[in-house]
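Chains as they are written, first to last, in the working numbering: chain C, 3 to 317; chain S, 3 to 317.
Each residue gets a CB set at the ideal place from its N, CA and C atoms; glycine is no exception.
Computed from a prediction, not measured in an experiment: that's the story for all the values here.
Have a look at the structure below, then the notes.
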């Protein structure tokens, strides 16, 4: 059996796993990024953890065939260079050469959303499916695309920026500096903004009571108040789902995937979100009656998708 | 030298060419579709024309390595079946088996926009470039995508529907039945609609005089009146270009192509359109300062792009 390391570098923690070629997790864990001590410190720790997890799993390094690393930001996969990763404040760091030297196995890198998409496609909700898209609805909107079995990353890995397709020309300002992006309507951040706006406009809304109980407004507030019968919350949720369907419809026009997987905090709404999004997507998707249907499902690997997909980069 | 047939089935004519592997056109011409006489009649005529053009070019059929056919509509390239082609009124016609039998060479099919994209990528404005997108601005908006050297067609070839990404959620109704599509803002049809609307709102606009001279309102009317100093026309053109940039920006977020080629009637505006679209795109594209730039150019093969790209399907 062949084994693979997968490394998912986040803002605070680095998740590291050792999996076999079937996706069985032999060992997983996490270490602090220690980002304030610089890239070499972090990479040394990653390499040490990898080697240790092989030893603890009784796997000799000759059976480990590669290491994949994913990070947020702009990653040049071909050159093996992290062009820019905001959370850990890296600029133009060549981590592939460094880690290959430490580990003695081939190292590949990609961004975190691409890795999660690959993880879900190989081992998760799209296992066995050649055309899938993963969309994460969290602080931002990210995602990754598998078309005809291949990860689509765009030129110099600078594409697959699913959250930055424009779904409302000249619309809400986006964190990226542009306007009207998918992310500006369908991130948790956008949902919180819209929930607060609706509260401003409807002072009697149940949203106030729900927010009081929660101690704050978050991505769940509108969903909870809607379930409790609040009409204002219902409007917020319906608008959110309609925009979500618009974004998924655009992606479907390009890739016509068999499956779109939703991940991230908002996807915890489960079937309430999934089924309503599917219905809305079906009502607007191109050539809905002729072309193959697109199924909306919930991603299944949770926080493991990143390191598992990173590991799959070398498979 | 190897040679290839390329066939571009339009609503009225079928363009047929014989090219070598470098893209040199040995012979080209067109025949009537004769669509009222059914598929077999048309396919027999196509096969006869192909064989004749090889003979007339002094090329033996053993040097012809394939035939590619492109058509408008929904084409299942894998199965070789035309699922639906509105112009010629075909439903579920397996043309690959039929033509292979007639010609004795491998036959592949794709839709017309994908073929044009491939033609431009192999022999035209994106020659030698691995990541390009072709967008045609005509009666509708169509296009094709080459990512990492490969034509992206989506699952069952039902993707790459560039004109049906949604750029304005819940916006203008589109011919596809959905709303807010790229096509509903950037086709010549949409530009004519918007020109007429602007005329309604500004009865003193120079647009009336230009339309009088032309005898009608078309995709050029606003561009002409703008050049003659009309403020209303300028607004129409600027709005058109802004929407065009929005659509191209979305496509760039997914594929980050090196080049986007504009074709179709509106692209005849040339640099006036190209340079202004480039400037607008640069102002809104994701990570414009960090990620690789995307160049907007005019497509170069004109009406030959389709059959040349079809021919390239077998290269």
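Helix, strand or coil for residue i? Go by DSSP, reduced to three states.
i, result
"residue 8 of chain C", "strand"
"residue 68 of chain S", "strand"
"residue 93 of chain C", "strand"
"residue 315 of chain S", "coil"
"residue 62 of chain C", "coil"
"residue 139 of chain S", "strand"
"residue 310 of chain C", "helix"
"residue 124 of chain C", "helix"
"residue 41 of chain S", "helix"
"residue 286 of chain C", "helix"
"residue 184 of chain S", "coil"
"residue 33 of chain S", "strand"
"residue 303 of chain S", "coil"
"residue 208 of chain C", "coil"
"residue 236 of chain C", "helix"
"residue 14 of chain S", "coil"
Compare the C-alpha of residue i against each of the options and name the closest.
i, options, result
"residue 157 of chain C", "S:38, S:255, S:298 and S:266", "S:255"
"residue 141 of chain S", "S:188, S:110 and S:174", "S:188"
"residue 132 of chain S", "S:99, S:120 and S:143", "S:120"
"residue 62 of chain S", "S:106, S:317, S:84 and S:217", "S:106"
"residue 297 of chain S", "S:278, S:27, S:41 and S:38", "S:278"
"residue 164 of chain C", "C:115, C:200 and C:108", "C:115"
"residue 70 of chain S", "S:96, S:41 and S:9", "S:9"
"residue 265 of chain S", "S:20, S:135 and S:28", "S:135"
"residue 44 of chain C", "C:213, C:104, C:172 and C:239", "C:104"
"residue 290 of chain C", "C:313, C:258, C:304 and C:307", "C:258"
"residue 201 of chain C", "C:310, C:59, C:180 and C:232", "C:232"
"residue 192 of chain C", "C:74, C:176 and C:305", "C:176"
"residue 203 of chain C", "C:247, C:229 and C:235", "C:235"
"residue 268 of chain C", "C:194, C:286, C:281 and C:248", "C:194"
"residue 171 of chain S", "C:247, C:73 and C:50", "C:247"
"residue 207 of chain C", "C:77, C:173, C:128 and C:224", "C:224"
"residue 313 of chain S", "S:74, S:118, S:12 and S:15", "S:118"
"residue 166 of chain S", "S:5, S:153, S:149 and S:143", "S:143"
Check the Cβ of residue i against every Cβ in chain S and list those closer than 8 Å, keeping chain order.
i, result
"residue 158 of chain C", "258, 293 and 294"
"residue 286 of chain C", "168, 180 and 181"
Please decide whether residue i counts as near chain C, where near means a Cβ-Cβ distance under 8 Å.
i, result
"residue 170 of chain S", "yes"
"residue 289 of chain S", "yes"
"residue 42 of chain S", "no"
"residue 174 of chain S", "no"
"residue 111 of chain S", "no"
Is residue i close to chain S, meaning its C-beta is less than 8 Å from at least one C-beta of that chain?
i, result
"residue 245 of chain C", "yes"
"residue 308 of chain C", "no"
"residue 268 of chain C", "no"
"residue 251 of chain C", "yes"
"residue 219 of chain C", "no"
At least one CB of chain D closer than 8 Å to the CB of residue i: is that the case?
i, result
"residue 298 of chain C", "Checking the listed chains, one finds no chain D in this structure; the protein chains it contains are C and S."
Quick one: list the residues of chain S neighbouring residue i, beta-carbon separation under 9 Å, in chain order.
i, result
"residue 238 of chain C", "By Cβ distance, chain S contributes nothing, its closest Cβ being about 15 Å from residue 238 of chain C, past 9 Å."
Just the chain S side, please: which residues come within less than 7 Å of residue i by C-beta, in chain order?
i, result
"residue 162 of chain C", "256"
"residue 154 of chain C", "149"
"residue 248 of chain C", "168 and 171"
Can you pull out the residues from the segment 118-152 of chain S whose beta carbon lies closer than 7 Å to at least one beta carbon of chain C? 133 and 149
field: Residues in the segment 73-99 of chain S having any Cβ partner in chain C nearer than 9 Å
entry: 76, 85 and 86
Interfacial residues, the segment 46-66 of chain S to chain C, with Cβ spacing under 9 Å:
none
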